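Under our numbering, think of the first position of the sequence shown as 4, with each following residue one higher. Working notes, beginning with the structure itself.
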Amino acid sequence: MSDEQWFYCLKHNTVEPAEGCRAADRLGPYPDKATAARALEIARERTEAADRYDQEWDEQEE
């Protein structure tokens, strides 16, 4: 397995290696290019999961 890290650049909407745009413009690191290419999907899935957790928490408080 490689020690390479990959990032998804939000500025250019591309996958790039560690030597790329500034950190504020990127998501990652990811273990490979294919996973980095799914960065927006992964972020959406994590946000939806956090929203569900928050909703469940709120419902327990009622």
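Using N, Cα and C, we set each Cβ at its ideal position, and we do this for glycine too. Being a predicted model, the structure only gives us computed values, none of them experimental.
#1: Between the region 52-62 and the region 14-23, do at least 3 Cβ pairs fall closer than 8 Å?
#2: Of the choices Glu62, Phe10 and Asp61, whose alpha-carbon is the least far from that of Asp35?
#3: DSSP on Leu13, reduced to helix/strand/coil?
#4: Mapping DSSP to helix, strand and coil, what is Arg29?
#5: Leaving out five residues on either side along the sequence, give the residues of the same chain with a beta carbon under 8 Å from the beta carbon of Gln8.
The relevant details are as follows:
#1: A contact between stretches requires three or more CB pairs, one per stretch, nearer than 8 Å, and the region 52-62 fails this requirement with the region 14-23.
#2: Phe10
#3: coil
#4: If DSSP states are grouped into helix, strand and coil, Arg29 belongs with the strands.
#5: Pro20, Ala21, Gly31, Pro32, Tyr33 and Pro34
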